[in-house]
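Quick notes on the structure that follows.
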Amino acid sequence: MEINFTTVIDLSGTFAFAISGIRLASGKQIDWFGAYIIGLVTAIGGGTTRDLLLDVTPFWMEDGKYFLTTGVALLATLLFKDKLFRLGNTLFLFDSIGLGLFTIVGISKSLEAGLPFWVCIAMGTITGTVGGVVRDVLLNEVPLLFRKDIYALACVAGGVVYFMCRHFSLPAGLTELVAASTVILIRIIALKFHIHLPILSSITTDTGDNENKS
Amino acid sequence: MEINFTTVIDLSGTFAFAISGIRLASGKQIDWFGAYIIGLVTAIGGGTTRDLLLDVTPFWMEDGKYFLTTGVALLATLLFKDKLFRLGNTLFLFDSIGLGLFTIVGISKSLEAGLPFWVCIAMGTITGTVGGVVRDVLLNEVPLLFRKDIYALACVAGGVVYFMCRHFSLPAGLTELVAASTVILIRIIALKFHIHLPILSSITTDTGDNENKS
Amino acid sequence: MEINFTTVIDLSGTFAFAISGIRLASGKQIDWFGAYIIGLVTAIGGGTTRDLLLDVTPFWMEDGKYFLTTGVALLATLLFKDKLFRLGNTLFLFDSIGLGLFTIVGISKSLEAGLPFWVCIAMGTITGTVGGVVRDVLLNEVPLLFRKDIYALACVAGGVVYFMCRHFSLPAGLTELVAASTVILIRIIALKFHIHLPILSSITTDTGDNENKS
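Chains as they are written, first to last, in our numbering: chain P, 5 to 218; chain U, 5 to 218; chain D, 5 to 218.
Here is the structure:
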């Protein structure tokens, strides 16, 4: 395994995503191995969905580091849980960096597959968000994705910036850096200033035709 | 984009499925973009599952109209929500037409892939129903599919009619029309006359061996 | 269809998995066809996920016996429900045998695809467990997998034994027998003696930064 900047960021993101799964599993009568699986699914669920849609080999089959990193996340939780879970802001930063990186990885892989820009942006968003959705579904909650500060929309915005940079022929490395930073900054700013999209309210009158709603 | 009868029906079905997702999301503390995603997943979830199982490129990657139609559905909801949600019967008709069309599309695509008739019928049913199941799972409800008037069974019946028409060498267009109409009519008749399958009751005695039930 | 020992075991496992789905569906206002679908998904969900990840044709498309066996399971439930559900121990045995067999099938198929041993073990575990997870998610429960006696871990242990046997060049048939027996025995012993992994407890202090937990 070559150690470079991308690897460090990739593993930080995996670690943060795994911790977010393990953390949400704690206190729900889930055993250690169950927590490991939920952490793993949170970390690799998005990329796996992307790879299935792209019809390529799921990325984690070719490199054991994602399974190992999740193991380290579980071990860290067991040893330093109270301290670790108190690192809210640090974890949030990891999580945001992971989101930015995962989004860009999803876009790059989709571009290589020759897909149009809007499919690439969808794939980037899928890569960044599906793991957290599966985590919430497994733990029997309505996914946070749908109820919270800007999250999926940050991925979309990062994707749009990515293709604007490409349009103006910026170098690939710079494009990736700017796009990932966009995701991360939107996420941080939205959380800090409690910016969120309007909630979709329910209908004001009940017309009694609920039986039609499938 | 060529405008013809199939396209109109296809987009009506997509619109109705998207509205059903957005409608169920309303009043659940879900923001606009979350509602868009749930509408999209409801509309494209079935066809995507089918395409993954058939190992072909997911249909929505090759045509942006499904993403756009879902966007129109969200916009329509935001602008005319009370009116739109009151259109129960019209929406139900769209939804049923969509179900019929999606089922037939699923069968046709599976036939092209050289699959036996019963796999084709399963694929038609998957195409018609999985989107609604994913919608319900994401919104943390037991899928309506399992609890309501004839729904998946209408797809199966339409599939059986499809292969009976083929057996008697009816022209392809007529076969599709008759099969889709079967799905739609069964759905409408079942709703109008409250026809449903018997409920599977629980066991009458608790034998205390629940720990075995996985 | 050739009747041999593997077929008998395969169908017993399918039957037991289908019954476990139908059984959990009973008493939840689910109709007969809904119960059939839940039974089917429980029985074929794991193998289907494995085949999607391996990019091969889902196994049930090539042989109707899985759909038929689930139909028999539904019929048996409707006719003999009280008796059948009281067969706790027998069903549990079927279920454990099915788990062992499904795990080994998953490992073998992954080995044929040329995957490294740890991916094969993951695939065996996926084959054995995903059906039950999907069943629980559809019925809106936190998957039993995460909350109960040793289950997924038995698959992992069976996988490790499988590769130890291969390392010592045991014949393929013996390797499979020993590995499957390992899964089955661990499952039975864990249930009988209530052996389970420690639960992951929640954090002892609420630090108020829950908003970061995605």
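All C-beta atoms, glycine included, are put in the ideal place defined by N, C-alpha and C.
Straight-line Cα distance separating residue j from residue i
i	j	result
Leu44 of chain U	Val12 of chain U	18 Å
Leu56 of chain D	Ile130 of chain D	11 Å
Tyr155 of chain D	Ile199 of chain P	43 Å
Gly31 of chain U	Leu15 of chain P	38 Å
Leu82 of chain U	Ile190 of chain U	32 Å
Phe106 of chain U	Ser112 of chain U	10 Å
Leu204 of chain U	Gln33 of chain D	7 Å
Phe84 of chain P	Gly51 of chain P	28 Å
Thr208 of chain P	Arg90 of chain U	With a pLDDT of 48 at Thr208 of chain P, under the threshold of 50, the predicted position of this residue should be treated as unreliable, and no value is reported.
Val134 of chain P	Leu174 of chain U	44 Å
Val206 of chain D	Trp122 of chain D	Per the sequence shown, the amino acid found at residue 206 of chain D is Ser instead of Val. Those two C-alpha atoms are separated by around 30 Å.
Phe197 of chain U	Asp86 of chain U	27 Å
Ile192 of chain D	Leu157 of chain D	13 Å
Leu178 of chain P	Gly75 of chain D	58 Å
Asn93 of chain P	Phe172 of chain P	35 Å
When the options are compared against residue i, the one with the closest alpha-carbon
i	options	result
Val187 of chain U	U:His200, U:Phe167, U:Gly163	U:Gly163
Pro62 of chain P	D:Asp59, D:Phe63, D:Trp64	D:Asp59
Ile108 of chain U	U:Leu78, U:Thr81, U:Arg54	U:Arg54
Pro2 of chain U	D:Asp35, D:Gly25, D:Leu178, D:Arg27	Since the first and last residues shown for chain U are 5 and 218, residue 2 of chain U lies out of range.
Ala132 of chain D	D:Phe19, D:Ile48, D:Ala39	For clarity, residue 132 of chain D is Gly in the given sequence; the question names Ala instead. The residue with the shortest Cα to Cα distance from Gly132 of chain D is D:Ile48.
Tyr40 of chain P	P:Ala77, P:Gly51, P:Trp64, P:Thr52	P:Ala77
Pro120 of chain P	U:Gly51, U:Phe197, U:Ser185, U:Met65	U:Met65
Ile42 of chain D	U:Arg151, U:Ser114, U:Asn93, U:Trp122	U:Arg151
Leu115 of chain D	D:Ala176, D:Asn93, D:Lys196	D:Ala176
Supposed contact pair residue j and residue i - C-beta distance, whole angstroms, cut 8 Å
i	j	result
Cys159 of chain P	Leu103 of chain P	7 Å
Ala194 of chain D	Tyr166 of chain D	That belief does not hold up - the Cβ atoms of Ala194 of chain D and Tyr166 of chain D are roughly 19 Å apart, past 8 Å.
Spatial neighbours of residue i in its chain, beta-carbon cut-off 8 Å, leaving aside the 5 residues before and after
i	result
Ala117 of chain P	Leu58, Val60
Gly38 of chain P	Ala29
Val137 of chain D	Gly49, Pro147, Leu149
Ala161 of chain P	Thr186, Val187, Ile190
Cutoff 7 Å; reference residue i; Cβ partners in own chain excluding five residues on either side
i	result
Ala20 of chain P	Leu95, Phe98, Asp99, Gly102
Ala80 of chain P	Leu88
Glu180 of chain U	Ile108
Proximal residues to residue i (C-beta, below 6 Å), its chain only, five neighbours per side dropped
i	result
Thr18 of chain P	Ala47, Tyr70, Thr73
Thr110 of chain P	The sequence given here has Gly at residue 110 of chain P, not Thr. Closer than 6 Å at Cβ, skipping near neighbours: Arg54, Met127, Gly128, Thr131.
- Message: Tell me whether the stretch 121-129 of chain P and the stretch 83-103 of chain P touch, counting them as touching only if at least three CB pairs, one residue from each stretch, are closer than 8 Å.
- Response: no
- Message: Does the stretch 137-149 of chain U come into contact with the stretch 20-29 of chain U, if we say contact requires no fewer than three beta-carbon pairs (one atom in each stretch) closer than 8 Å?
- Response: yes
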